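In the numbering used here, the protein residues as written are 14 to 180.
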């Protein structure tokens, strides 16, 4: 009963590939990354002859879990895995801000896309590199203020309590 009208409606929205127009059909896709972590090193700005400069820095993200025999995982050791990401910033205004304000240990949020590339190293060997091309960076902490806060012993117990409850 409803099958025929549904099929007719779907045909209006679905692009069909034909032999003639196959090269003209554009399909939407998505390459999006969101990272929240800490900067591993101060950024460097590099420029290859004939190309725009790029700001590059590393970002660490952590994954934490509680391991144990208990099904509710209330008891057990807290395990952690750190993953390092190479962040590249090409957009001129964002590149300059990142170079000036991103500092080792800062907590930042990065939106961008994954890029896989190849380059030749010093020994003329082809290498592959994965990088995150940043489209947006949000600064979540000032390293000096955060260091003073974490050095306060009254707050250390609060952070420990929050971490142990979240795992």
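Every residue gets a Cβ at the ideal spot worked out from N, C-alpha and C, and that includes glycine.
Model, not experiment: these values are computed from the prediction.
If the criterion is Cβ atoms closer than 8 Å, does the pair residue i and residue j meet it?
{"i": "residue 56", "j": "residue 115", "result": "yes"}
{"i": "residue 53", "j": "residue 96", "result": "no"}
{"i": "residue 43", "j": "residue 123", "result": "no"}
{"i": "residue 132", "j": "residue 147", "result": "no"}
{"i": "residue 67", "j": "residue 145", "result": "no"}
{"i": "residue 69", "j": "residue 59", "result": "yes"}
{"i": "residue 103", "j": "residue 149", "result": "no"}
{"i": "residue 98", "j": "residue 48", "result": "yes"}
Could you check where the beta strand (DSSP E) with residue i kicks off and where it finishes?
{"i": "residue 79", "result": "67-80"}
{"i": "residue 148", "result": "139-152"}
{"i": "residue 134", "result": "Per DSSP, residue 134 belongs to no beta strand (DSSP E) and is neither H nor E."}
{"i": "residue 46", "result": "46-52"}
{"i": "residue 90", "result": "90-102"}
{"i": "residue 57", "result": "57-59"}
By Cβ distance below 6 Å, which residues in the same chain neighbour residue i in space, the five residues on each side in sequence not counted?
{"i": "residue 76", "result": "94"}
{"i": "residue 62", "result": "none"}
The alpha helix (DSSP H) spanning residue i covers which residue range?
{"i": "residue 107", "result": "105-114"}
Skipping 5 residues on each side, what residues in its chain have a beta carbon closer than 7 Å to that of residue i?
{"i": "residue 176", "result": "At residue 176, the pLDDT of 45 sits below 50, so the modelled position is not reliable and the matter cannot be decided from this model."}
{"i": "residue 139", "result": "131 and 133"}
{"i": "residue 153", "result": "120, 121 and 122"}
{"i": "residue 112", "result": "56, 58 and 68"}
Can you list, in chain order, the residues of its chain whose CB lies under 8 Å from that of residue i, leaving out five sequence neighbours each side?
{"i": "residue 108", "result": "58, 66, 67, 68 and 102"}
{"i": "residue 92", "result": "77, 78, 79 and 80"}
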